[in-house]
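What follows is a single structure, written as structure tokens, with notes after it.
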Amino acid sequence: MDKSDNKTKSFKDLVVWQKAHAFVLNIYQQVKIFPDDYQAIVGDMLCESATAIATNIVGGYKKKDREDKLLFLTTAQEALEECRYYITLATDLHLLDSFQADELENNLNEVSYLLNSYARSIKRRKEGDYKKDDDLRDE
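Numbering (the working numbering), first residue to last: 16 to 154.
See the structure below:
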């Protein structure tokens, strides 16, 4: 996206979504190496919670009402914390080593920071500023 253009054309233009999506792809790569008996339990839950972060960012993107947008972002943050737990569980079960877990935690921290920043930017806007959803951009 051109830096001079403050409008997003798609949820894909949001940096917070881009980072969340990259995190999801990383999670799917990590889960591939889990033993089969753990893939169906811990792996599926980890993938589901990671995907919920990105899908809730997408879900809130076109909402016209500020509170609706914020509800989706809150749900994304809740999914992020679930994901944090599943990473801890996978580490404790020796499915992830400490390097892998640290990398995923760092990615999660970045997504969390961006998600909180995005929510703050929405909270600061006046309700009338939501006439055009594509005016929202990540800060």
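Cβ atoms here follow ideal geometry from the backbone N, Cα and C, with glycine treated the same way.
Within a Cβ cutoff of 7 Å, which residues of the same chain sit near S64, ignoring the five residues on either side of it in sequence? Reading the sequence shown from its first residue, position 49 is the one you call residue 64. Answer for S64: A94, E97, C98, Y101, listed in chain order.
Can you tell which of A105, V126, E125 has its C-alpha closest to the C-alpha of V57? Counted from its first residue, the sequence shown places residue 57 at position 42. Nearest C-alpha to V57: A105.
Please report the straight-line C-alpha distance between K34 and G74, rounded to a whole angstrom. Position 19 of the sequence shown, counted from the start, is the residue given in the question as residue 34. Position 59 of the sequence shown, counted from the start, is the residue given in the question as residue 74. Note on geometry: alpha-carbon atoms of K34 and G74 lie some 16 Å from one another.
With a threshold of 7 Å on Cβ separation, who are the neighbours of V46 within its own chain once the five nearest residues in sequence on each side are excluded? Within the sequence shown, the letter at position 31 stands for residue 46. Leaving aside the five residues that flank V46 on each side, the residues in its chain whose CB is nearer than 7 Å to its CB run, in chain order, Q54, G58, L61, C62.
Give the single residue among K84, L110, A37 whose Cα lies nearest to the Cα of I48. For this step, residue 48 is matched to residue 33 along the sequence shown. Cα-wise, what sits closest to I48 is L110.
Member of A69, D52, Q44, K79 whose CA lies at the smallest distance from the CA of L29: Here residue 29 refers to the residue found at position 14 of the sequence shown. It is A69 whose Cα lies nearest to the Cα of L29.
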